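Written out below as structure tokens is the structure these notes cover.
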Amino acid sequence: MRWTLKPKPDSLVVSKLAEELGVETPVATLLAQRGIMTFEAAKKFFRPSLEELHDPYLMKDMDVAVNRIQQAIASEENIMVYGDYDVDGTTSVALMSSYLKTLTPNIATYIPDRYAEGYGISYQGIDFAADNEISLIIALDCGIKAIDKVAYAAEKGIDFIICDHHRPGENIPKAVAVLDPKREDCEYPYKELCGCGVGFKLIQAINTKRGGTPEVLLPYLDLVATAIGADIVPITGENRILAYHGLNVINVAPRMGFKAILAQVKKDKLTITDVVFIIAPRINAAGRMKHGLHAVNLLTEEDEATAMQFAGEIEDFNAERKTTDKAITVEALDQIEELKEQERYSTVVYHEDWHKGVIGIVASRLTETYYRPTLVFTKSGDKLAASARSVKGFDVYNALEACKEHIEQFGGHKYAAGLTLEASEYENFKAKFESVVSETIDRRLLTPEIAVDAEIDLDEITPKFFRILKQFAPFGPGNMSPVFMTQNLTDTGYGKCVGADEAHLKCKVVQQGKSGMFDMIGFGLGEKFETISEKKTFKAVYSLDENEWNGNVSIQLKLKDISE
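When the letters of the sequence shown are read in order and numbered with UniProt numbering, they come out as residues 1 to 564.
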């Protein structure tokens with residue numbers, strides 16, 4: 001692990017902010033590091049308001065999209081809501097279809113089959129629309145590169161509205177409207193919306209046009225918050241507002257589908273981390289193991305008994321997904337060793353029988369092991385399909401662009417992408433990708449980095465300090481949970497390894513010359529026991545956490561790493 005201490009902000013700004021807000025210097029420092037320099041900015045940060053959301057009509061083509069939907073509703077056209085099979089796509093379809101059903105009954109939903117149709121808009125989906133007299137398709141979380149498919153639909157008299165957030169290619173499909181804040185000609189002020197976020201902006205615009213109150217849209221924010229968490233987009237600006245209020249909906253008045261999932265896992269109050277690790281994998285499991293429509297059905301179901309039945313099925317899909325991805329991860333790690341590829345700059349592995357639904361998860365697991373840009377391939381029809389994952393600071397999308405002579409199609413983000421290629425191109429692609437990564441990656445990025453917000457002493461960790469820190473949530477990219485470093489620590493003599501295979505480290509620490517004693521837990525750090533044994537002095541990087549035991553709540557230090 002590399003520990004990197006973030007630069008200290010301007011001390012004059014920090015002291016002014018501390019005075020204006022009535023907070024201690026460490027809190028003001030953390031705010032300034034996040035770009036919050038004034039009382040007004042801090043107010044918006046701590047109390048995210050829906051009134052601060054941008055006008056949806058600032059997005060390119062929004063007026064055209066709304067007019068076309070209004071026209072379709074007025075003339076009783078059949079509308080298809082089409083979305084990708086992952087969390088962002090299925091929540092988008094649930095959001096758009098359930099909102100439009102309050103305006104017209106003529107709504108169909110469509111999620112492509114991951115195996116028969118693959119990612120994005122499919123000819124099969126368009127043919128289904130044509131066969132069912134659907135004249136307008138609203139595509140969510142996909143479509144920005146579907147130039148041929150949109151042209152094919154137009155030949156059949158079907159209009160398209162695309163709501164996407166992925167990077168466009170050189171040309172944009174000739175749809176009626178293309179809503180994507182990443183379009184170069186789009187001046188929308190916030191560029192980091194997820195697909196469901198773009199869908200929300202569209203229903204916000206329709207609602208405004210129809211003279212509806214903003215409160216009408218509150219019940220949809222649980223879906224948006226889930227997509228924001230699952231798609232790992234920055235929790236800054238507009239995403240922070242949507243995630244903050246969406247979490248509140250999940251905790252105060254969750255839709256029946258969420259209630260049913262949470263009944264399975266018995267959790268009361270959810271954070272965005274819980275959404276990422278509890279709700280999102282279950283929604284995702286439907287599209288991975290069976291079909292994404294199972295997730296849409298659960299998220300739009302209003303009957304409690306039916307929702308519980310759907311949630312039970314999805315729980316089964318998720319259990320199957322876990323077993324499958326563990327087995328494939330073991331095989332992939334074996335393949336890296338057999339091919340003696342442990343020292344490469346990239347990981348590219350392939351087996352024709354690997355389950356296409358879990359290769360993205362496997363890529364993430366391999367990245368955790370070898371910490372380098374990773375692609376996991378499997379057979380998909382007569383082609384090979386892959387999921388790509390990257391390491392912090394390295395743009396895997398750009399790396400794939402540099403290999404495009406070997407790729408049939410690809411799309412995605414800086415840290416996650418998908419692609420297909422001809423089987424005959426696999427070895428050529430693998431060699432080229434390794435070459436591109438080795439030539440362009442900063443070698444430091446191949447060692448995991450812990451970005452430390454500030455060095456503090458244990459006596460600065462007070463209940464008030466922790467109470468304010470909790471209000472920095474929801475946490476995520478762009479607003480991570482604060483990480484601290486403290487030096488001159490010693491274990492009070494109770495340190496031990498815990499867990500089934502003694503993989504975790506647990507101790508109680510004090511700091512020389514300072515007051516305060518804290519429990520410390522380090523998951524996966526059991527092997528570092530030697531560093532704290534025999535009352536040796538050590539330093540630690542950690543975040544703050546709440547520990548509840550026998551009804552008592554205390555602050556504990558959640559270790560990220562320790563060193564002598």
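Ideal placement from N, C-alpha and C gives every residue a C-beta, glycine not left out. Remember, it's a predicted structure, so these values are computed and weren't measured experimentally.
Between the C-alpha atoms of A540 and A225 there is a straight-line separation of about 33 Å. For D457, the secondary structure class from DSSP, reduced to helix, strand or coil, is coil.
In the DSSP assignment, Y110 falls within the unbroken beta strand (DSSP E) covering 107 to 110. Minimum Cα-Cα distance from S135 among the listed residues I161, Y188, R344 corresponds to I161. If you draw a 10 Å sphere on the C-beta of Q512, you find fewer than 16 other C-beta atoms in it, and that means exposed. Put simply, the backbone Cα of A305 is about 21 Å away from that of P219. In this structure, M480 sits away from A454, with a CB-CB distance that is not shorter than 9 Å. The C-beta separation of A423 from V396 comes to about 22 Å, leaving the pair out of contact by the 8 Å criterion. In the pairwise beta carbon analysis, the stretch 142 to 155 is classified as touching the stretch 117 to 134: at least three pairs are separated by under 8 Å.
Rounded to the nearest whole angstrom, the CA to CA distance from D501 to I521 is 15 Å. For Y542, the number of other beta carbons within 10 angstroms of its own is at least 16, and it is reported as buried. Here DSSP, grouped into helix, strand and coil, assigns N547 to strand. In the DSSP annotation of this structure, the continuous segment of the beta strand (DSSP E) that includes F410 starts and ends at 409 to 412. Counting along the chain, no alpha helix (DSSP H) covers L446, and no H or E run does either.
In this chain, the alpha helix (DSSP H) harbouring Q70 covers 62 to 74.
A319 counts as exposed, since fewer than 16 other C-beta atoms from the protein chains shown sit within 10 angstroms of its C-beta. The alpha helix (DSSP H) runs lying completely inside the UniProt domain "RecJ OB" (452 to 561) and spanning 4 residues or more are 463 to 470, 529 to 532, given in chain order. Take I241, set aside five residues on each side of it, and the residues of its chain with a beta-carbon closer than 8 Å to its own are P48, S49, L50, E52, L53, in chain order.
Taken atom to atom, the span from the alpha-carbon of A388 to that of P373 is near 7 Å. Boundaries of the alpha helix (DSSP H) harbouring I359: 359 to 370, taken from the DSSP string. By the Cβ-count criterion, A151 is exposed, with fewer than 16 other Cβ atoms from all chains shown falling within 10 Å of its own Cβ. Fewer than three Cβ pairs drawn from the stretch 201 to 214 and the stretch 439 to 455 lie within less than 8 Å of each other, which leaves the two stretches out of contact. The beta carbon of G495 lies closer than 8 Å to those of L505, K506, C507, K508, F529, I532, S533 in the same chain, with the five residues before and after it left out.
In this structure, the CA atom of R210 is about 9 Å from the CA atom of Q70. In the structure shown, L179 adopts extended strand secondary structure according to DSSP, grouped into three states.
Contact annotation: E192 and N248 have beta-carbon atoms that are not nearer than 9 Å. In the three-state reduction of the DSSP assignment, G418 falls in the strand class. Taking the Cα of V66 as reference, the smallest distance to any Cα among N552, C196, V176 is reached at V176. When the beta-carbon positions are compared, A260 and A311 come within less than 9 Å of each other. In the same chain as G197, and ignoring 5 residues on each side of it, the C-beta atoms closer than 8 Å to its own belong to H165, V224, A227, I228, V233, E238, N239, L242, in chain order.
In terms of Cβ geometry, A332 and V349 form a close pair [threshold 9 Å]. Burial of V275 is indicated by the presence of at least 16 other C-beta atoms within 10 angstroms of its C-beta.
Residue burial annotation: W549 is exposed, with fewer than 16 other C-beta atoms found within 10 angstroms of its C-beta.
Around the Cβ of F429, a 10 Å sphere holds 16 or more other Cβ atoms; the residue is buried. About 49 Å separates the beta carbon of A42 from that of N78, a gap too long to meet the 8 Å contact definition. Within a 10 Å sphere around the beta-carbon of Y188 sit 16 or more other beta-carbons, which makes this residue buried.
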